[in-house]
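See below for the structure under consideration.
Number of protein chains: 2
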Amino acid sequence: MRAEALKGHLDALLLAALEGGPRHGYAVIESLRERSAGRLDLPTGTIYPALRRLEQRGLIAGEWSVVGGRQRREYRLTAAGVRALEGKRADWLEFTAVISTALGGEPWPARA
Amino acid sequence: MRAEALKGHLDALLLAALEGGPRHGYAVIESLRERSAGRLDLPTGTIYPALRRLEQRGLIAGEWSVVGGRQRREYRLTAAGVRALEGKRADWLEFTAVISTALGGEPWPARA
DNA sequence: CTACATATGTAGCCGTGTTACCTATGTCGC
DNA sequence: GCGACATAGGTAACACGGCTACATATGTAG
C-alpha cells in the first residue's frame, strides 16, 4: 500500500484504535497491524509523534505507567476524542464516496 | 472536504478524468467539479503542476492547440497511463478496504 | 553476552497540495 | 471604449505530515 496515501487519515485510525480501551503506542501499532491483516504496518516514527499531536489537541489523554519494568504511556480517548472520531468517520465516508464517484469505472454502492 | 486528504489520490483522479477522451487542464477541473457535485473544486495551482508531473512520467501526453484564440494544452492518456489508472483503481479499492476495516464502526459494502 | 522483542522518542528529509501571485484573450454589460 | 469576468495556462514559496534513520532502555531467550 502506498504509504503517503495515509495522509490525513492517520488520526482517525489512531482514535479508532483507542476506542476499545486505553492502549500504549506500541500496542496501537500492533492493533492496527492485526486489524488490517498486516497491511498497515506503521513505523514508530509515524505513530509516536502523531499520538503526541492528538494529545496536544486534547483528543486523547496520556499517562505514564510501568509494566514489567518498562515505561509505557497509555492513551485513552477523551470526550472530545470520541466526538472527533465520530466526525472523522463521517468525513471518511464522504471522502470515499466523492473519490469513488469521481474515479468512476468502479461501481459504487447506492448512496443514501 | 479536507483538501489534504487528497494527497496520493490526485493522480488517479486526473487519469480518470482523461479516460473519456483528451481534455485540457481547465476542462479537467470542471469535469471533476461536475462529477463530484461541486465537492471537488481543485485550484489551478494543484492541477497544472500535477498534469506536468504525469506527463513527465509518461502517463499522459500533452499537445498545444488553439481554440477560439486561446492556447490550450490537450492531454490524452498514454498506454502506460491506461495501465497506471487500472493499477490505481485497484490500489484505491484496497486502500479503502484496509482503512475502512481498521476504522471499524462502519459497515463496508461487500466487494467483488 | 548476544540478539531480539518490547517500548519510546527525535531530527531531518521529501513529496505534494495550497496559497498567492502573474500573464493573456474573448465576451458581455455599461 | 472600458471594466469585469470567464476561459486558459503557469510559477514560487510555503506548510503539512508521514517516513527514514537513529538513539535509548529494559526484559527474555539462546
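Chain order of the listed sequences is A and B. Counting in numbering that gives the first Met the number 0, the first sequence tops out at residue 111, every number present. Counting in numbering that gives the first Met the number 0, the second sequence tops out at residue 111, every number present. For every residue, glycine included, the Cβ atom is placed at its ideal position computed from N, Cα and C.
Proximal residues of chain B, C-beta to C-beta of residue i below 7 Å
i	result
A/T95	T95
A/L102	A11, L12, A15, R88, W91
Neighbour list for residue i in chain B, Cβ cutoff strictly below 8 Å
i	result
A/A26	The contacting residues do not exist; A/A26 stays about 14 Å from chain B at best.
A/I46	Within 8 Å Cβ-Cβ: nothing; A/I46 doesn't reach chain B, min ~13 Å.
Cβ pair residue i, residue j closer than 9 Å
i	j	result
A/A36	A/L9	no
A/A60	A/T77	yes
A/L5	A/L41	yes
B/G86	A/R34	no
A/Y74	A/E62	yes
B/L12	A/A101	yes
A/A83	A/L14	yes
A/S64	A/R51	no
A/L17	A/G80	yes
B/T45	B/Y25	no
A/I28	B/W91	no
Partner residues on chain B for residue i, Cβ-Cβ distance less than 9 Å
i	result
A/T77	The premise fails here: A/T77 is roughly 18 Å from chain B at the closest Cβ pair, so nothing lies under 9 Å.
Per DSSP, cross-strand counterpart(s) of residue i
i	result
A/V65	A/Q70
B/L76	B/I59
B/R22	B/Y74
beta-carbon residue i near the ligand ADP non-hydrogen atom, thresh 8 Å
i	result
B/H23	As far as ligands go, the structure on display features none, and thus does not contain the ligand ADP.
Backbone secondary structure at residue i - three-state DSSP
i	result
B/R56	coil
A/L39	coil
A/R110	Model confidence at A/R110 stands at a pLDDT of 39, short of 50, so the residue's coordinates are unreliable; what they give is reported in the following sentence. Note: A/R110 maps to coil in three-state DSSP.
B/G121	With chain B covering only 0 through 111, there is no way to say anything about residue 121 of chain B.
A/S99	helix
Contact set between residue i and chain A, taken where Cβ atoms lie within less than 7 Å
i	result
B/I59	Correct list: empty, because the minimum Cβ distance to chain A is about 16 Å.
Check: Using Cβ-Cβ distances below 7 Å, what residues of the segment 20-44 of chain B are close to chain A?
Finding: L31, R34, S35, R38, L39
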